[in-house]
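Student: Before anything else, here's the structure in question.
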Amino acid sequence: MQVEFFREAHIRIFGNTSGLKAVSLRKLERLSQRRSRSGAAVTPELARSLAEVSREIKRQIGLLIDRRGHVCVTIVGDARSLFLPDLSAYRRGLDRLCGLRLVHTHLHSAGLDDDDLTDLALLRLDMVVAIEVAAEMLEANPTTLASRMKRFDLSKQT
Ligand SMILES: [Zn+2]
Numbered sequence: 085m086q087v088e089f090f091r092e093a094h095i096r097i098f099g100n101t102s103g104l105k106a107v108s109l110r111k112l113e114r115l116s117q118r119r120s121r122s123g124a125a126v127t128p129e130l131a132r133s134l135a136e137v138s139r140e141i142k143r144q145i146g147l148l149i150d151r152r153g154h155v156c157v158t159i160v161g162d163a164r165s166l167f168l169p170d171l172s173a174y175r176r177g178l179d180r181l182c183g184l185r186l187v188h189t190h191l192h193s194a195g196l197d198d199d200d201l202t203d204l205a206l207l208r209l210d211m212v213v214a215i216e217v218a219a220e221m222l223e224a225n226p227t228t229l230a231s232r233m234k235r236f237d238l239s240k241q242t
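Under the working numbering, think of the first position of the sequence shown as 85, with each following residue one higher.
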C-alpha cells in the first residue's frame, strides 16, 4: 500500500534537478512512466533512453524499479554520484530484500563502485545495475549508442 501511495502521489523525481531545462525534466518524467518487463533487469530500450537523457544533462540518473517492472522512483545525481532517497516505505524486514532494483547510469567507465555496493547492502536492494554511458561513442554517433551493463545480483542468494 505504501508503494501505491508513493506512485499516486507523483513523487517521482528526486535529487539534483535544479538548473535542468524543461525539456529534460519532461524526458525524466517520461522515464518515470516507463515499464521494464519484470523478467529482465532492464530492457535495452529503457537502458538506451536512460543513457541518452543522462548524457544530455551530464548527470547520473537512477531508476528504482519494482518486481513488476514499474519505475517507482527516479533520482538525478551529479556527474559522479547519486544520492538515494529514504526507502523505508519499501522495507520488508531485516531478513528480506526490499523488492526494488536500482538501474543507474555512470558517466565514467568504472563498473560498480563502493557506493553502489553500499546501497545494495544497506538498502537491501534486489540488484544494482550500472549502465556505462560511453561518451566518446555517443558524441560520434548517437544512433550507435551502446550501454554496457554490469549487474551484481544478490536476490538469488537469499
Ligand atoms: Zn553507481
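By construction, the Cβ of each residue, glycine as well, lies at the ideal position given by its N, Cα and C atoms.
Tell me whether T202 is buried or exposed, calling it buried when 16 or more other Cβ atoms sit within 10 Å of its Cβ.
Tutor: Position 118 of the sequence shown, counting from 1, holds the residue named residue 202. Only exposed fits T202, as fewer than 16 other CB atoms lie within 10 angstroms of its CB.
Student: Once you ignore the five residues that flank L249 on each side, which residues in its own chain have a CB closer than 7 angstroms to its CB?
Tutor: With the chain running from 85 to 242 in the structure shown, residue 249 is simply not present.
Student: Grouping DSSP H, G and I as helix and E and B as strand, with all else coil, what is R208?
Tutor: Here residue 208 is taken as the residue at index 124 of the sequence shown, counted from 1. Reduced to three states, the DSSP call for R208 is coil.
Student: Between which two residues does the alpha helix (DSSP H) holding L109 run?
Tutor: Translated into positions along the sequence shown, residue 109 becomes position 25. A106 to S116 is the span of the alpha helix (DSSP H), which, as asked, contains L109.
Student: DSSP three-state label for R119, please.
Tutor: Counting from 1 along the sequence shown, the entry for residue 119 is found at position 35. Three-state DSSP puts R119 in a strand.
Student: For a test of your reading of the model: does the CB of D203 fall under 6 angstroms from any non-hydrogen atom of ligand 1? Yes or no.
Tutor: Position 119 of the sequence shown, counted from the start, is the residue given in the question as residue 203. Incorrect: D203 has no Cβ contact closer than 6 angstroms to ligand 1.
Student: Check whether the Cβ of D170 lies closer than 6 angstroms to any heavy atom of ligand 1, and answer yes or no.
Tutor: Here residue 170 refers to the residue found at position 86 of the sequence shown. Not so, every heavy atom of ligand 1 lies at least 6 angstroms from the Cβ.
Student: Let me know the secondary structure DSSP gives T189 once reduced to three states.
Tutor: By 1-based counting over the sequence shown, the position of residue 189 is 105. Strand at T189.
Student: Please give me, in chain order, every unbroken run of the alpha helix (DSSP H) with length at least 4 that falls completely inside the stretch 120-181.
Tutor: If we require 4 residues or more, the alpha helix (DSSP H) runs fully inside the stretch 120-181 come out as 128-141.
Student: Go ahead and label R164 buried or exposed: buried means 16 or more other beta carbons lie within 10 angstroms of its beta carbon, across all protein chains shown.
Tutor: For the purposes of this step, residue 164 is identified with residue 80 of the sequence shown, where counting begins at 1. By the neighbour-count rule (16 or more Cβ atoms within 10 Å), R164 is not buried but exposed.
Student: Give the range of the beta strand (DSSP E) segment to which G99 is assigned.
Tutor: Sequence index remark: in the sequence shown, residue 99 carries index 15 (1-based). Looking at the DSSP string, the run of the beta strand (DSSP E) that includes G99 is I97 to G99.
Student: Using only CA atoms, which one of D198, V157, F167 and R143 lies nearest to R118?
Tutor: One-based indexing of the sequence shown puts residue 118 at position 34. R118 has its Cα closest to that of V157, out of D198, V157, F167 and R143.
Student: Answer yes or no: do H192 and A214 have a C-beta to C-beta separation smaller than 7 angstroms?
Tutor: In the sequence shown, residue 192 corresponds to position 108, counting from 1. In the sequence shown, residue 214 corresponds to position 130, counting from 1. No.
Student: Is it buried or exposed for V107, if we count other Cβ within 10 angstroms and need 16 for buried?
Tutor: For the purposes of this step, residue 107 is taken as residue 23 along the sequence shown, with counting starting at 1. Counting Cβ neighbours within 10 Å, V107 comes out exposed, since fewer than 16 surround it.
Student: Rounding to the nearest angstrom, what Cα-Cα distance links G99 and S120 in this structure?
Tutor: Taking the sequence shown and counting its residues from 1, the one referred to as residue 99 is at position 15. Taking the sequence shown and counting its residues from 1, the one referred to as residue 120 is at position 36. About 22 angstroms.
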